[in-house]
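Written out below as structure tokens is the structure these notes cover.
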Amino acid sequence: STIRPLNNYINQTIASAWPNELLPPANLINLRYRGHVSEAVYFDEMAEQGISKERAEKLYQGSEVLLNGYEIIALWRRGVIDEADRDNQLQELGFTNDRINLLTHVTAQVPSAMDVISFAVREVYSPEIVAAFGQMEGVEEVLDVASDDITATGMTNETFKKYWAAHWQLPSMRQAYEMLHRDVVDAKTVDQLMVALDIMPYWRDKLRAISYAPYTRVDVRRMHKLGIVDEAGLVRAYMDLGYDEARAQGLAEFTVLYNLDP
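Mapping the sequence shown onto our numbering, position 203 (from 1) lands on 1348, and the numbers just tick up by one.
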């Protein structure tokens, strides 16, 4: 039982006095990449392990960290490398020509689900509406000057056009109702704007209904005096101005009494 510890002690003492353990090849390769050992030391220590200079160099080159497929495609799209260089680097990763073709497609930028919804509500998928509202105005000029940037993102021109058609700022509903009241646009156009503004269908007719101005208090009083508005109409008219039912009833009674006085 005492022989093994004694042997360990003897071996450790000898190793400490005459250290001769060699670093594994993987460690040597790592140290050379990090600049901690010179090329000469690397080859010498590899040779001590029976690895020739030629094979040691192949091991070193074969351990080089390569860019992944997505990074290589990104560099190609940004014009940093050409198509031939792209294919060579991807083939080093094990990609066949067919796989390279598939990779270029799967890495292309496509609209997100929310983008698709935005395209739909802004009528991007309705060419006749896009044309009627001028949503493609200026897109060809942008494609001419921004071609490199568009390509770098992995986006096709057709996809870019969809984003362009959907990017415009829209009038507010207040502005839309003002145009409707002045007969600048019709109700159908306002409805299309509501869709583009993501207003839920339930609220659209209700919003349109409150866009019209109610009678003023003076108008109500005069119309009652002339018999155009009855007492029930008074209550409704005052509630349209924002009064609750109790206060509207009080104002209606006031109006009736006020109009009794010639």
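Positions of the beta carbon are idealized from the N, C-alpha and C atoms, including for glycine.
Identify the continuous alpha helix (DSSP H) that holds residue i and give its terminal residues.
i, result
"Asn1242", "Asn1242 to Val1251"
"Ile1174", "Pro1170 to Tyr1178"
"Ala1358", "Here Ala1358 belongs to no alpha helix (DSSP H), and DSSP marks it neither H nor E."
"Tyr1270", "Neither: Tyr1270 is in no alpha helix (DSSP H) and is coded neither H nor E."
"Phe1264", "Ala1258 to Val1266"
"Gln1206", "Lys1198 to Gly1207"
"Ser1292", "Ser1292 to Ala1297"
"Asn1233", "Glu1228 to Glu1237"
"Gly1214", "Gly1214 to Arg1222"
"Met1191", "Glu1184 to Glu1193"
"Tyr1308", "Asn1302 to Ala1311"
Going straight from the alpha carbon of residue i to that of residue j, what length do you get?
i, j, result
"Val1261", "Ala1311", "10 Å"
"Tyr1388", "Arg1353", "21 Å"
"Met1300", "Leu1338", "28 Å"
"Ser1292", "Glu1303", "12 Å"
"Ile1226", "Asp1232", "10 Å"
"Asp1331", "Leu1325", "6 Å"
"Pro1256", "His1250", "14 Å"
For my contact list, residue i and residue j are in at a C-beta cut-off of 8 Å; report their separation, rounded to the angstrom.
i, j, result
"Val1290", "Lys1306", "Contact flag wrong, Cβ pair sits at about 15 Å."
"Ile1218", "Thr1241", "Between Thr1241 and Ile1218 the Cβ distance is about 15 Å, and since that is not below 8 Å, they are no contact."
"Gln1254", "Thr1296", "Not confirmed; about 10 Å, so no contact."
CB residue i to CB residue j, shorter than 8 Å?
i, j, result
"Leu1167", "Glu1190", "yes"
"Pro1170", "Ile1196", "yes"
"Thr1400", "Leu1371", "no"
"Gly1214", "Leu1248", "yes"
"Glu1376", "Ala1358", "no"
"Ala1201", "Tyr1178", "no"
"Val1365", "Tyr1383", "yes"
"Arg1362", "Leu1386", "yes"
Looking at the ligand COA, does it come within less than 7 Å of residue i, judged from the CB to the closest heavy atom?
i, result
"Glu1285", "Judged by which ligands are present, the structure shown has none, so any question about the ligand COA falls away."
Are the region 1233 to 1250 and the region 1266 to 1282 touching, with three or more C-beta to C-beta distances below 8 Å? Flag = no, the region 1233 to 1250 and the region 1266 to 1282 do not touch.
I'd like to know if the region 1252 to 1271 and the region 1341 to 1348 are in contact, where contact means that at least 3 CB-CB pairs between them fall below 8 Å. They touch, by the three-pair rule.
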